[in-house]
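Everything on this sheet refers to the single structure shown next.
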Amino acid sequence: MVFAWSLRPDDTAERGVSPTQDELRCGTTACQVVVTADVGRDTVAVLVGQGSGRISTNGASGRNIFELTIAADGAVISDGSLECVDAEVAVCLVRGPAGAEVVGEVLVRRSGAWTRAQVPYVSTAGHLGLHDADGDGVADVVAVQRACEPGVDCARRFAQVFSLVGPKIDLGCTTPVPDQTHLPGWPTVQPSITQLHPCDQ
């Protein structure tokens with residue numbers, strides 16, 4: 013069962029664009045910085061306003077503004093919403109609760125340029141994080157999901173892992189466990205590639 017869904021942004025949103033004064037507005041209000049992170053010689057900031065938001069990058073990679081798509085989906089952005097891993101291919105995950113789920117989106121820096129990963133992510137069990145599960149030097153997205161029958165709540169959980177590089181996006185899922193405390197590495201959730209199998213099994 014795959015919980016990420018495709019959303020291909022337009023070319024401008026995917027590349028990021030140089031900011032102008034108008035783009036520092038979020039909806040009908042001025043953008044307010046909620047959280048920042050230093051990623052090498054770049055600074056990544058998440059800004060929100062009335063019903064919308066932006067992600068800005070500034071530093072050695074230049075200045076860019078990306079639309080924060082999860083804000084329009086109702087995600088609540090806080091000072092814990094940004095997680096970044098600096099590496100040759102750097103990754104930043106912006107996440108927030110939206111109803112009963114946690115939704116997130118990712119920026120990736122390759123060869124000094126930031127772009128948006130084309131798949132937003134969702135966790136049905138309250139955890140989205142970054143971890144290099146396959147050992148390729150690039151952080152993967154880890155989403156914890158409920159392992160319950162449709163329409164039934166339960167404590168069973170599994171982790172689903174998505175790669176941001178290479179031909180295979182869905183790296184697989186862990187075996188469901190009785191509750192989230194039994195997930196690999198809990199509470200950070202850090203499965204290894206050997207703990208993953210196809211999610212439809």
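Under my numbering, the first residue of the sequence shown is numbered 13, with each subsequent residue one higher. Note that the Cβ used here is the ideal one computed from N, Cα and C, for glycine as well. Predicted model only: the values in this text are computed from it and were never measured.
| query | result |
| --- | --- |
| Under the assumption that G39 contacts Q62 (Cβ atoms under 8 Å), give the Cβ distance between them as a whole number of angstroms. | 4 Å |
| Contact defined as beta carbons within less than 8 Å: I believe V134 pairs with E117. What is the distance between those atoms, to the nearest angstrom? | The pair is not a contact, with the Cβ atoms about 10 Å apart (cut-off 8 Å). |
| So the candidates are L208, D191, R158, I89; which of them puts its Cα closest to the Cα of S175? | L208 |
| Indicate whether A167 and P190 have their beta-carbon atoms separated by less than 9 Å. | yes |
| Do S73 and W126 count as a contact pair if the criterion is CB distance below 9 Å? | yes |
| Tell me the DSSP bridge mates of C104? | C96, L119 |
| Residues in the same chain with beta-carbon distance under 6 Å from D98, minus the five sequence neighbours each way, listed in chain order, please. | V51, G52 |
| Report the residue from S64, V58, P132, L80 whose alpha carbon sits nearest the alpha carbon of N70. | V58 |
| With which residues is Q172 paired in a DSSP beta bridge? | A155, C185 |
| Could you give the first and the last residue of the continuous beta strand (DSSP E) run that contains T127? | 125-128 |
| Any chance the CB of I89 is under 8 Å from a heavy atom of the ligand ADP? | Questions concerning the ligand ADP fall outside what the structure shown contains, since it holds no ligand whatsoever. |
| Find the nearest neighbour of G108 within the set V60, C185, A102, R122, judged by alpha-carbon distance. | V60 |
| Rounded to whole angstroms, what is the Cα-Cα separation between Q130 and C185? | 20 Å |
| Rounded to whole angstroms, what is the Cα-Cα separation between Q157 and G138? | 8 Å |
| Do L195 and D152 count as a contact pair if the criterion is CB distance below 9 Å? | no |
| For A83, which of T136, R75, I67 has the nearest alpha-carbon? | I67 |
| On the three-state DSSP scale, how would you describe L5? | Residue coverage of the chain in this structure runs from 13 to 213, which leaves residue 5 outside it and unanswerable. |
| Quick one: give me the first and last residue of the alpha helix (DSSP H) that A87 is part of. | Careful: A87 lies outside any alpha helix (DSSP H) and carries neither H nor E. |
| Name the DSSP bridge partner or partners of A12? | Because the chain spans 13 through 213 in this model, residue 12 falls outside it and cannot be assessed. |
| Specify the secondary structure class of T81 as computed by DSSP and reduced to three states. | helix |
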